[in-house]
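Visitor: To start, I am sharing the structure in question, which I have written as structure tokens.
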Amino acid sequence: MKVKIVFDSKTGNVKRFVAKLPFDDIEQIDDMTTVDKPFVLITYTTGFGDLSPRTRVFLEKNHEQLQGVAASGNRIWGDRFARSADTIANMYNVPVLHKFELSGTSRDVDAFLQGVNSIGTSAKMDPVKQ
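Note that the numbering used here numbers the sequence shown so that position 51 is 49, with each residue one more than the last.
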């Protein structure tokens, strides 16, 4: 089974992170996005550790297929760093695959890919052929 990556980006950090991923089934969410197959969500943290309203609405409609979550944040927020991932993981009983600062590094990409692989063979992603 293939897993789709969906993402929400406000400042462009998550969008820049997603652009580094070696997959072609990637979609940025909007108010109308519906996903009918397994997916991994990459989002950002806003305010004092909250998830964005767009992410919240998207998950209310699409959480049944959610396989895992990753989030961007800024370490200046201490224990609130990328907290949206923890919130989503707790709400929907899925693993936090990775937390990265701003748009992430190549190490963050590697860690995220390891996280995706850890969710099991039923949720493997097919990378773009290199």
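Note that CB positions come from ideal geometry on N, CA and C, so glycine has one too.
Keep in mind the model is a prediction, meaning the values are calculated, not measured.
#1: Rounded to a whole number of angstroms, what is the C-alpha to C-alpha distance between Gly66 and Thr9?
#2: To the nearest angstrom, how far is the alpha carbon of Gly102 from that of Phe15?
#3: When you compare only the Cα positions, how much space is there between Asn72 and Ser50?
#4: In chain order, what residues of the same chain have a beta carbon less than 6 Å from the beta carbon of Asn11, not counting five sequence neighbours either side?
#5: Rounded to the nearest angstrom, how far is the Cβ of Phe21 from that of Ile40, given a contact under 8 Å?
#6: If we ignore side chains and look at the alpha-carbon of each, how far apart do His96 and Ser7 end up?
#7: With distances taken between CB atoms, is the gap from Phe56 to Ile27 smaller than 9 Å?
#8: Using 9 Å as the limit for Cβ to Cβ distance, is Thr32 near chain D?
#9: Here's a check: name, in chain order, each residue in its chain whose Cβ is nearer than 6 Å to the Cβ of Tyr42, leaving out the five neighbours to either side.
#10: What are the start and end residues of the beta strand (DSSP E) that includes Thr41?
#11: Indicate the three-state DSSP secondary structure (helix, strand or coil) for Asp48 in the structure shown.
#12: Would the beta-carbon of Gly66 be found less than 8 Å away from any heavy atom of the ligand SAM?
#13: Below 9 Å between beta carbons: does that hold for Asp48 and Ser104?
Guide: Quick look at the numbers:
#1: Here residue 66 corresponds to residue number 68 of the sequence shown, with the count starting at 1. Here residue 9 corresponds to residue number 11 of the sequence shown, with the count starting at 1. So the two alpha carbons sit approximately 22 Å from each other.
#2: Here residue 102 refers to the residue found at position 104 when the sequence shown is read from its first residue. Here residue 15 refers to the residue found at position 17 when the sequence shown is read from its first residue. In a straight line, the C-alpha of Gly102 is about 6 Å away from that of Phe15.
#3: Taking the first residue of the sequence shown as position 1, residue 72 is located at position 74. Taking the first residue of the sequence shown as position 1, residue 50 is located at position 52. Looking at the backbone, the Cα of Asn72 and that of Ser50 are separated by about 15 Å.
#4: Counting from one through the sequence shown, the residue named residue 11 turns up at place 13. Closer than 6 Å at the Cβ level, and outside the excluded window around Asn11, lie Ser70, Leu100, Ser101.
#5: For the purposes of this step, residue 21 is taken as the residue at position 23 of the sequence shown. For the purposes of this step, residue 40 is taken as the residue at position 42 of the sequence shown. Their Cβ separation, rounded to whole angstroms, is 11 Å, which puts Phe21 and Ile40 out of contact at 8 Å.
#6: In the sequence shown, counting from the first residue as 1, residue 96 sits at position 98. In the sequence shown, counting from the first residue as 1, residue 7 sits at position 9. Answer to the nearest angstrom: the Cα atoms are 16 Å apart.
#7: Position 58 of the sequence shown holds residue 56. Position 29 of the sequence shown holds residue 27. The criterion of a C-beta distance shorter than 9 Å is satisfied by Phe56 and Ile27.
#8: The chain inventory of the structure shown lacks chain D, comprising one protein chain alone.
#9: Working through the sequence shown from its first residue, we reach residue 42 at position 44. Hits under 6 Å: Lys8, Val12, Ser70.
#10: In the sequence shown, counting from the first residue as 1, residue 41 sits at position 43. Going by DSSP, Thr41 is part of the beta strand (DSSP E) stretching over 37 to 42.
#11: For the purposes of this step, residue 48 is taken as residue 50 along the sequence shown, with counting starting at 1. In the structure shown, the three-state DSSP call for Asp48 is strand.
#12: Within the structure as shown, the ligand SAM is missing, as the structure has no ligands at all.
#13: Reading the sequence shown from its first residue, position 50 is the one you call residue 48. Reading the sequence shown from its first residue, position 106 is the one you call residue 104. No, Cβ-Cβ distance for Asp48 and Ser104 is not below 9 Å.
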